[in-house]
Each structure stands twice: as structure tokens, then as C-alpha cells.
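Asks:
Residue numbers (the numbering used here): 415 to 710.
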């Protein structure tokens with residue numbers, strides 16, 4: 415009997431070990447923890463920066479909104495500062511596009527300019543001022559201090575408040591150049607920056623006179639601002655006279671880049687020259703450029 419049991423165990427034990435090994439081999443091994451899916455990194459928005467002329471700024475801002483609606487992945491920032499800022503920012507790369515409300519000078523040949531609109535410069539006074547127009551000689555007499563009262567111009571006997579532009583503004587440069595006033599403006603003038611500041615100053619002073627963008631002045635008048643544009647040499651300062659080239663003091667509104675524009679900057683320039691872009695120009699009371707494509 416004992417021999418039988420020993421024989422049985424000697425046969426069964428190896429079989430048991432094999433069976434246990436088989437079971438161990440068939441048992442599932444603990445799985446490694448599954449990593450959570452990683453969300454793809456967001457795609458950075460294409461960014462475009464414009465800086466410079468306060469005259470061009472409202473056109474660029476309106477165009478930026480329309481452009482972003484057509485290009486949801488694009489972000490367009492528009493900043494002022496004056497045309498000199500537009501030139502320096504484009505040159506230094508601080509801005510992709512500089513806004514300049516004049517033509518480029520010979521020493522600025524490193525920049526490329528695209529005209530997106532035409533504008534004029536108007537003398538503006540308070541809406542209650544009875545004076546309706548001035549000659550070139552009268553403007554010179556006002557800004558050099560020869561005329562100090564509106565009475566000398568057919569108005570009321572009130573002192574004239576001169577409003578002048580700060581350095582670096584192309585409107586100042588063009589105004590002084592046209593009237594020969596470089597270095598001759600009377601002391602004591604109120605010095606301002608952007609067009610809006612000049613318009614606000616005149617609206618708040620019945621006896622002030624300033625010079626601003628015709629487009630900016632026209633827009634302000636339509637909004638109820640109490641100013642009016644004076645005729646110059648008998649020619650009304652209007653979008654119409656700028657358009658038909660009868661107004662004497664006009665200038666182009668330019669976008670400038672360091673070399674011909676490429677990429678998003680080129681797309682933005684092309685948009686402003688398109689039918690949709692030129693409609694924005696006209697809505698802001700500026701004159702569309704002749705080389706812009708006609709409406710389809």
C-alpha cells in the first residue's frame with residue numbers, strides 16, 4: 415500500500431507542476447496604465463501689426479475688422495502715432511505695415527508704398543463762426559500772427575486761437591510746405607496730435623482754427639460735431655473736390671513696408687485695394703484710389 419502511494423505521488427507530482435505552470439502561463443498579466451490622450455497644441459493665429467498716421471488709422475481699423483471676418487485665423491492690430499511712427503516702425507520691424515498720409519521721400523526709397531486712398535487737408539472752425547472761406551494769403555496771415563482777430567476776416571471781433579500740429583505729423587509737414595510756413599507759425603499756438611484732438615479742440619472753442627484731414631472732418635460733421643470746413647481759394651474742402659482734383663491741397667494715404675509686402679501683409683494690402691476694401695475707404699469719407707479694381 416505504501417509502495418502504491420509512493421508510486422502514485424511520484425507520477426502525479428510532476429503532472430501537477432506542469433499543470434500549475436500552464437495555469438500561470440494562461441493567467442492575464444496586469445496591464446500597464448494607459449496614458450490619457452494629449453490634446454493637439456492650438457495653432458497660433460497669424461498676427462499683423464500696423465502703426466502710424468492717425469488719418470489712415472480709421473480706414474485701417476475698419477478694414478482690419480472686415481479682414482479678420484474673412485480670415486478667422488488672423489489677428490490685425492492697428493496703432494496710431496503719426497506718419498513718422500509709420501515710417502520708423504516699418505523700417506525697424508516693430509510694425510509689419512506703416513501707415514503714412516503722404517508720399518514717400520527720396521531718402522525713404524528702402525520702403526515700398528501702396529496708395530489705398532486720397533485725402534485733402536482742410537481748415538476748420540467752429541460751426542458758429544460766420545467766416546466761410548479763406549484765401550492762401552489769409553491763411554498765411556493767420557498762422558504767422560499778422561491777423562489776430564476774426565474781424566480782419568469778416569468775422570466777429572474775437573481773438574483767433576491757433577491750433578497747430580505736433581512734429582512728426584505729415585499733415586503739419588504738408589500744411590507748412592503748401593503755405594510756406596516752415597518755422598514761421600506764431601508762438602502761442604495750441605499744439606495737438608491726431609485729427610480727432612484738433613477737431614475736439616475746435617468744437618470746444620468758437621474762435622479756434624485748425625487744419626485736419628478732409629475725410630476726418632467730413633465724418634465728424636456727419637456725426638454732429640459742431641465744426642465746419644472752410645473753402646480754400648473759393649474751392650470747397652470736400653470729398654467731391656478731392657475726387658475731381660480741383661481742391662489744391664491733397665495727399666495720398668499709403669501703406670508702407672520694408673520692401674514689397676509679402677504674406678499676410680500683402681493679403682491685407684490686396685484686400686484694401688479690392689472692391690470691398692475701397693468701399694470701406696469711401697464709407698470713411700476718403701476718396702478711393704483710381705487704380706483700385708472696379709465693382710464687379
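Heads up, the beta-carbon is just placed ideally off N, CA and C, and yes, glycines get one too.
1. Whose C-beta lies closer than 6 Å to the C-beta of residue 580 among residues of the same chain, with five residues either side of it excluded?
2. Give the C-beta separation of residue 641 and residue 634 to the nearest angstrom, bearing in mind that I take them to be a contact with Cβ-Cβ under 8 Å.
3. Counting beta carbon pairs with one atom in the segment 587 to 595 and one in the segment 475 to 486, are three or more of them shorter than 8 Å?
4. Would you call residue 655 buried or exposed, if buried means 16 or more other Cβ atoms sit within 10 Å of its Cβ?
5. What's the C-alpha gap between residue 541 and residue 506?
6. Rounded to the nearest angstrom, what separates residue 463 and residue 670 at their Cα positions?
7. Specify the secondary structure class of residue 697 as computed by DSSP and reduced to three states.
8. Can you pull the DSSP bridge partners for residue 671?
9. Would the segment 607 to 622 and the segment 531 to 541 be scored as touching if the rule is three or more Cβ pairs under 8 Å?
10. CB residue 663 to CB residue 549, shorter than 9 Å?
11. In angstroms with no decimal places, state the Cα-to-Cα distance between residue 397 and residue 631.
12. Rounded to whole angstroms, what is the Cα-Cα separation between residue 698 and residue 532?
13. Express the C-alpha separation of residue 497 and residue 679 in angstroms, rounding to a whole number.
14. Just to confirm my understanding: we take residue 554, look at its own chain, exclude 5 residues before and 5 after, and list those with CB closer than 6 Å. What are they?
15. With a CB to CB cut of under 8 Å and the five nearest residues on each side skipped, what residues in its chain are close to residue 690?
16. Is it true that the CB of residue 466 sits closer than 9 Å to the CB of residue 517?
17. Looking at residue 461: is its Cβ nearer than 9 Å to the Cβ of residue 489?
Replies: According to the structure shown:
1. 605, 607
2. 6 Å
3. no
4. buried
5. 42 Å
6. 12 Å
7. helix
8. 526
9. yes
10. no
11. Residue 397 lies beyond the residue range present for the chain, which begins at 415 and ends at 710; the question has no answer from this structure.
12. 12 Å
13. 18 Å
14. 593
15. 480
16. no
17. yes
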